[in-house]
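Protein sequences appear in the order of chains A and B. 0 is the number of the first residue of the first sequence in numbering that gives the first Met the number 0; add one for each residue after it. 0 is the number of the first residue of the second sequence in numbering that gives the first Met the number 0; add one for each residue after it. C-beta: ideal position from N, C-alpha, C; glycine also. Just so we're clear, the structure is a prediction, and the values are computed from it rather than from any experiment.
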Amino acid sequence: MIRDPYVAIGLVVLIMLIVIALVKMPDTTGSGEKQNSVRETLSNLWHNKVYRYGVLTQVFYVAAQIMTWTFIIQYADNLGINKATAQNYNIVAMILFLTGRFISTFLMKYVNGRKLLAIFGTGAGLCALGAVLIVGMPGLYCLVGISIFMSLMFPTIYGIALENVSLQDATLGAAFLVMAIVGGALMPPLQGAIIDRGTILGHPAVNVSYALPMLCFVIVSIYGLASYRRIKR
Amino acid sequence: MVSTDYNNEETREYISQDGAHGLKLVERQYLLPFILITSLFALWGFANDITNPMVAAFQTVMELSAAKASLVQFAFYGGYATMAIPAALFIRKFSYKKGIILGLALYAVGAFLFIPAAAYQKFSYFCLSLYILTFGLAFLETTASPFILSLGRKENATRRLNLAQSFNPMGSLCGMAVAPSLCSPTSGPTAATLPVTSSSLLSPTPKKPLSDSTIWP
Numbered sequence: 000m001i002r003d004p005y006v007a008i009g010l011v012v013l014i015m016l017i018v019i020a021l022v023k024m025p026d027t028t029g030s031g032e033k034q035n036s037v038r039e040t041l042s043n044l045w046h047n048k049v050y051r052y053g054v055l056t057q058v059f060y061v062a063a064q065i066m067t068w069t070f071i072i073q074y075a076d077n078l079g080i081n082k083a084t085a086q087n088y089n090i091v092a093m094i095l096f097l098t099g100r101f102i103s104t105f106l107m108k109y110v111n112g113r114k115l116l117a118i119f120g121t122g123a124g125l126c127a128l129g130a131v132l133i134v135g136m137p138g139l140y141c142l143v144g145i146s147i148f149m150s151l152m153f154p155t156i157y158g159i160a161l162e163n164v165s166l167q168d169a170t171l172g173a174a175f176l177v178m179a180i181v182g183g184a185l186m187p188p189l190q191g192a193i194i195d196r197g198t199i200l201g202h203p204a205v206n207v208s209y210a211l212p213m214l215c216f217v218i219v220s221i222y223g224l225a226s227y228r229r230i231k232r
Numbered sequence: 000m001v002s003t004d005y006n007n008e009e010t011r012e013y014i015s016q017d018g019a020h021g022l023k024l025v026e027r028q029y030l031l032p033f034i035l036i037t038s039l040f041a042l043w044g045f046a047n048d049i050t051n052p053m054v055a056a057f058q059t060v061m062e063l064s065a066a067k068a069s070l071v072q073f074a075f076y077g078g079y080a081t082m083a084i085p086a087a088l089f090i091r092k093f094s095y096k097k098g099i100i101l102g103l104a105l106y107a108v109g110a111f112l113f114i115p116a117a118a119y120q121k122f123s124y125f126c127l128s129l130y131i132l133t134f135g136l137a138f139l140e141t142t143a144s145p146f147i148l149s150l151g152r153k154e155n156a157t158r159r160l161n162l163a164q165s166f167n168p169m170g171s172l173c174g175m176a177v178a179p180s181l182c183s184p185t186s187g188p189t190a191a192t193l194p195v196t197s198s199s200l201l202s203p204t205p206k207k208p209l210s211d212s213t214i215w216p
């Protein structure tokens with residue numbers, strides 16, 4: 000029955016609600032400090048360069064993530080792989096993504112998050128380049144490999160953007176980072192339009208279309224590097 | 000006074016060191032809240048990843064056009080767009096805890112609305128349920144990440160968020176594993192009325208720009 004999983008989720012969510020309501024949570028909204036007005040908060044956020052560019056970078060990251068995963072099926076299809084098998088590549092991508100988050104959490108113990116973002120961004124960009132240029136299984140492997148480098152990006156951009164934002168400005172700051180998800184969702188149809196062209200200059204359009212996420216990863220790397228330079232200065 | 004003064008020489012220097020070696024990622028006093036919030040990340044990873052096969056099932060059962068099916072995305076992202084800022088204002092006024100509770104409540108309401116949606120087999124009800132469910136997600140999303148960041152030292156906040164968000168893809172993987180069997184034609188009494196094959200569920204209509212997995216906590 001189509002509703003059953005939702006009813007199950009609804010029940011689990013209710014249980015969590017009760018547990019969280021009963022547990023004492025620290026109040027870290029900075030309510031003890033002098034309260035900023037909404038206008039002051041918006042002004043603080045706007046004048047915070049690392050935050051402002053962080054939101055912009057998050058838009059491009061979310062776009063890249065959706066594009067990378069959505070069109071794996073098309074990419075595999077172009078290599079003559081059927082949909083059911085192609086779904087396995089989606090699952091592998093997700094496993095790499097999960098593994099990557101643990102690896103990056105570990106690495107961040109030794110390497111600054113901003114630097115790591117620049118490094119992983121470069122890795123993701125190179126994988127995307129491989130997916131663009133190589134027609135064949137290695138291209139698909141590159142495409143799946145992007146996920147391991149993507150893993151740290153969302154939480155890391157989020158964290159860097161809010162690093163210099165005060166506790167009481169952080170909630171509205173987070174809201175705009177969440178809105179970035181919506182912005183990112185506007186981009187994938189563009190890739191769909193490229194794929195619909197079939198071939199571009201004799202190269203499969205589905206390959207060419209991965210230039211879009213590649214560009215996004217370049218932006219992510221630049222953000223990592225630029226924000227890292229700021230703290231090094 | 001919480002140290003948010005970044006022009007402070009000491010703070011700057013501390014952050015500029017590579018990594019946050021030697022700092023405890025989650026201190027004992029914050030351990031329980033950290034675990035609870037982190038489990039929420041897994042919960043919504045799971046929910047997101049069973050949503051896509053569900054959408055595909057609805058699409059097949061009701062023979063929806065692609066344009067109509069794209070309303071699903073509209074509902075999904077529309078929910079985020081509508082609620083992110085109101086959620087932030089709510090949390091500012093009250094607290095992270097209340098924000099989480101309201102988010103979970105909206106989430107549950109959206110989920111339970113699938114009962115009438117399934118009973119009437121109406122696509123618009125389905126979209127409405129999803130829309131309300133994402134109100135909850137927007138609340139949780141706006142709350143949980145900054146809350147995790149604030150649970151401890153600033154120097155390793157980003158790392159702490161990475162750890163917490165690792166549980167999001169874990170939930171997604173569980174969702175991916177469970178979804179085919181949950182909506183396979185043999186799993187319930189509705190098999191006769193839902194002529195969908197599990198393979199069509201596994202591979203949602205291509206080229207629809209809704210990700211197969213929506214992972215962002």
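Annotation for Asp-168/A: the continuous alpha helix (DSSP H) segment containing it runs 166 to 183. Cβ neighbours of Phe-89/B within its own chain (closer than 8 Å, five residues either side excluded): Lys-97, Gly-98, Leu-101 and Phe-138.
Secondary structure of Ile-133/A (DSSP, three-state): coil. Residues of chain B whose Cβ lies closer than 9 Å to the Cβ of Ile-94/A are, in chain order, Pro-168 and Leu-172. A residue is called buried when at least 16 other Cβ atoms come within 10 angstroms of its Cβ; Val-25/B meets this threshold and is buried. Listed by position along chain A, the residues whose Cβ is nearer than 9 Å to that of Asn-47/B form an empty set, because the closest Cβ is around 11 Å away. For Pro-212/A, the enclosing alpha helix (DSSP H) begins and ends at 210 to 231. Within its own chain, the residues whose Cβ lies closer than 6 Å to the Cβ of Arg-100/A, once the five positions on either side in sequence are excluded, are Ser-150, listed in chain order.
About 5 Å separates the beta carbons of Leu-160/B and Gly-158/A, which is inside the 8 Å limit, making them a contact pair.
Where Met-24/A is concerned, there is no enclosing alpha helix (DSSP H), because DSSP gives it neither an H nor an E. Within the same chain, and ignoring the five residues on either side of Asn-163/A in sequence, the residues whose Cβ sits closer than 8 Å to its Cβ are Asn-47, Val-49 and Tyr-50.
Take the alpha-carbon of Val-108/B and the one of Ile-36/B: they are about 20 Å apart. Per DSSP, Gln-34/A is not a residue of any alpha helix (DSSP H), being assigned neither H nor E. When the Cα atoms are used, Gly-182/A and Lys-121/B turn out to be separated by approximately 29 Å.
The alpha-carbon of Leu-112/B is positioned some 21 Å away from that of Ala-80/B. For Glu-140/B, the enclosing alpha helix (DSSP H) has its first and last residue at 122 to 149. With at least 16 other beta carbons inside 10 angstroms of its own, Arg-113/A counts as buried.
Distance from Leu-150/B to Trp-43/B at the Cβ level is roughly 19 Å; contact not present, criterion being Cβ atoms closer than 8 Å. Under the three-pair Cβ rule at 8 Å, the segment 122 to 139 of chain A does not count as touching the segment 173 to 193 of chain A. When beta bridges are read from the DSSP output, Ile-199/A appears opposite His-202/A. If you keep only unbroken beta strand (DSSP E) runs of at least 3 residues inside the segment 57 to 105 of chain A, you get nothing at all. For the pair Gln-72/B and Leu-132/B, the Cα-to-Cα distance works out to about 13 Å. When C-beta atoms of the segment 50 to 70 of chain A are compared with those of the segment 165 to 174 of chain B, fewer than three pairs fall below 8 Å, so the two segments do not count as touching.
Spatial neighbours of Gly-144/A in its own chain (CB-CB distance under 6 Å, excluding positions within 5 residues in sequence) are listed in chain order as Cys-126.
Within the segment 79 to 96 of chain B, the residues whose Cβ lies closer than 7 Å to any Cβ of chain A are, in chain order, Tyr-79, Ala-80, Ala-83, Ile-84, Ala-86, Ala-87, Ile-90, Arg-91, Ser-94, Tyr-95 and Lys-96.
Phe-70/A and Leu-176/A have their C-alpha atoms roughly 25 Å apart. Interface flag for Lys-48/A against chain B is unset, since no Cβ pair is found closer than 9 Å.
Within the segment 129 to 141 of chain B, those residues whose Cβ lies closer than 7 Å to any Cβ of chain A are, in chain order, Ala-137, Glu-140 and Thr-141.
Identification of chain B residues near Arg-38/A by a Cβ-Cβ cut-off of 8 Å yields none; the smallest Cβ-Cβ distance measures about 13 Å. Under a criterion of Cβ atoms nearer than 7 Å, the residues of chain B adjacent to Gly-158/A are, in order, Leu-148, Ala-156, Thr-157 and Leu-160.
At a cut-off of 9 Å between C-beta atoms, Ser-38/B counts as an interface residue with respect to chain A. In the same chain as Ser-146/A, and ignoring 5 residues on each side of it, the C-beta atoms closer than 6 Å to its own belong to Ala-92, Leu-95 and Phe-96, in chain order.
Within 7 Å of the CB of Ile-8/A, the CB atoms of chain B belong to Ala-46 and Ala-110, in sequence order along the chain. With the rule of 3 Cβ pairs closer than 8 Å, the segment 200 to 208 of chain A does not count as touching the segment 114 to 122 of chain A.
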